[in-house]
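Protein sequence lines, in the order shown, are assigned to chains A and B. Quick note: the first sequence, position 103, residue 103 per my numbering, numbers continuous. Quick note: the second sequence, position 8, residue 1008 per my numbering, numbers continuous. C-beta: ideal position from N, C-alpha, C; glycine also. So the structure is just underneath, and the comments pick up after that.
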Amino acid sequence: DAKTTQPNSMESNEEEPVHLPCNHSTISGTDYIHWYRQLPSQGPEYVIHGLTSNVNNRMASLAIAEDRKSSTLILHRATLRDAAVYYCILMAGYGQNFVFGPGTRLSVLP
Amino acid sequence: DVKVTQSSRYLVKRTGEKVFLECVQDMDHENMFWYRQDPGLGLRLIYFSYDVKMKEKGDIPEGYSVSREKKERFSLILESASTNQTSMYLCASSSPARGTNIYTGELFFGEGSRLTVL
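Encoded structure:
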């Protein structure tokens, strides 16, 4: 399985944008890039996913590099509720196995 | 609201006991997964199932077995619990994205079952 690399932790101020990076230099052409987050004492929840083009939804935006070797999850205005561990995961289009790494712990300061 | 329900939020068992962790989903999903989560190690896949009575080993299947007799239910079994199986256990389900056979559909997780083995 292709691996992802994320910073262990990041900090942001409330109401400011947050850019969470993810490196995936060994990504293959059929791998989708997924982001999940895990709030304290809860199971992970889906945030967004994409293949080649940038994606937006009500929670976040996903910016994918042209060579697809990196991506960035963008939270446009961080709130205290966004404090969580964020996981960047590669998912083969034909596969069924999500592999979660340690993720990035995001702290949001009031 | 779609839901993945795990039978127990907290369990305390003794070494050597047989432990059943139950998971039920109401979304008619084909795929179901069991993960364990430990500090500093992220989520690690134990087993998954892509159909009734089908199962596949994940990254850390040793010491565990699973059962999927019905589509909506996926059980994790610890035949003889040990202290190193103290962990948070997370169940998830997924389905192919609508109109495709590509498994990019999102994972839905339960709230987790925290197991302590004494």
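**Report entry** Environment of residue 111 of chain A [buried if 16+ CB atoms lie within 10 Å]
**Finding:** Missing from the structure shown is residue 111 of chain A; chain A here goes from 1 to 110 and no further.
Report task. Could you check the C-alpha separation between residue 1018 of chain B and residue 1090 of chain B for me, to the nearest Å? Result -> Taking the first residue of the second sequence as 1, we reach residue 1018 of chain B at position 18. Taking the first residue of the second sequence as 1, we reach residue 1090 of chain B at position 90. If you take the alpha carbons of residue 1018 of chain B and residue 1090 of chain B, they lie about 18 Å apart.
Query - Nearest neighbour of residue 1033 of chain B, chosen from B/1016, B/1052, B/1040 and B/1041 [CA to CA] - result: Taking the first residue of the second sequence as position 1, residue 1033 of chain B is located at position 33. Residue 1033 of chain B has its Cα closest to that of B/1052, out of B/1016, B/1052, B/1040 and B/1041.
Query raised in the report: What did DSSP end up calling residue 1083 of chain B once you bin it into helix, strand or coil?
Result: Stepping through the second sequence from its first residue, residue 1083 of chain B is reached at position 83. The answer is helix: DSSP assigns residue 1083 of chain B an H, G or I state.
**Report entry** Contacts that residue 46 of chain A makes with chain B (C-beta to C-beta distance below 8 Å)
**Finding:** Taking the first sequence and counting its residues from 1, the one referred to as residue 46 of chain A is at position 46. Near residue 46 of chain A (Cβ distances below 8 Å), the residues of chain B are 1106, 1107 and 1108.
Report task. Under 8 Å Cβ to Cβ from residue 69 of chain A, same chain only, skipping five residues before and after it: list those, please. Result -> Residue mapping note: residue 69 of chain A aligns to position 69 of the first sequence, counting from 1. Closer than 8 Å at the Cβ level, and outside the excluded window around residue 69 of chain A, lie 23, 24, 25 and 27.
Query raised in the report: Just reading off the beta strand (DSSP E) that residue 1070 of chain B is part of, what are its end residues?
Result: Counting from 1 along the second sequence, the entry for residue 1070 of chain B is found at position 70. Here the beta strand (DSSP E) through residue 1070 of chain B covers 1065 to 1070.
Query - Backbone secondary structure at residue 3 of chain A - three-state DSSP - result: Stepping through the first sequence from its first residue, residue 3 of chain A is reached at position 3. Note: residue 3 of chain A maps to coil in three-state DSSP.
Report task. Measure the alpha-carbon distance for residue 6 of chain A versus residue 1116 of chain B and round it to whole angstroms. Result -> For this step, residue 6 of chain A is matched to residue 6 along the first sequence. For this step, residue 1116 of chain B is matched to residue 116 along the second sequence. Rounded to whole angstroms, residue 6 of chain A to residue 1116 of chain B spans 30 Å at the Cα level.
Query raised in the report: According to DSSP, is residue 80 of chain A helix, strand or coil?
Result: Within the first sequence, residue 80 of chain A is the residue found at index 80, counting from 1. Residue state, collapsed to three classes: helix.
Query raised in the report: So what does DSSP say about residue 1006 of chain B, is it helix, strand or coil?
Result: Position 6 of the second sequence, counting from 1, holds the residue named residue 1006 of chain B. Strand at residue 1006 of chain B.
**Report entry** Buried or exposed (CB count within 10 angstroms, at least 16 for buried), residue 1016 of chain B
**Finding:** Here the question's residue 1016 of chain B lines up with position 16 in the second sequence. Counting Cβ neighbours within 10 Å, residue 1016 of chain B comes out exposed, since fewer than 16 surround it.
Query raised in the report: Can you tell which of A/14, A/8 and A/46 has its C-alpha closest to the C-alpha of residue 79 of chain A?
Result: Reading the first sequence from its first residue, position 79 is the one you call residue 79 of chain A. Per the Cα distances, A/14.
Requested in this report: Check residue 71 of chain A in the structure and name its three-state DSSP category.
Outcome: Working through the first sequence from its first residue, we reach residue 71 of chain A at position 71. Looking at residue 71 of chain A - three-state DSSP - the assignment turns out to be strand.
Query raised in the report: So, is residue 1041 of chain B buried or exposed, given that buried needs 16 or more other C-beta atoms within 10 angstroms?
Result: One-based indexing of the second sequence puts residue 1041 of chain B at position 41. That one is exposed.
Report task. Give the straight-line distance between the Cα atoms of residue 17 of chain A and residue 64 of chain A, rounded to the nearest whole angstrom. Result -> Here residue 17 of chain A refers to the residue found at position 17 when the first sequence is read from its first residue. Here residue 64 of chain A refers to the residue found at position 64 when the first sequence is read from its first residue. About 17 Å.
Query - Through-space distance from residue 1006 of chain B to residue 81 of chain A, alpha-carbon basis - result: Within the first sequence, residue 81 of chain A is the residue found at index 81, counting from 1. Within the second sequence, residue 1006 of chain B is the residue found at index 6, counting from 1. One C-alpha to the other measures close to 24 Å.
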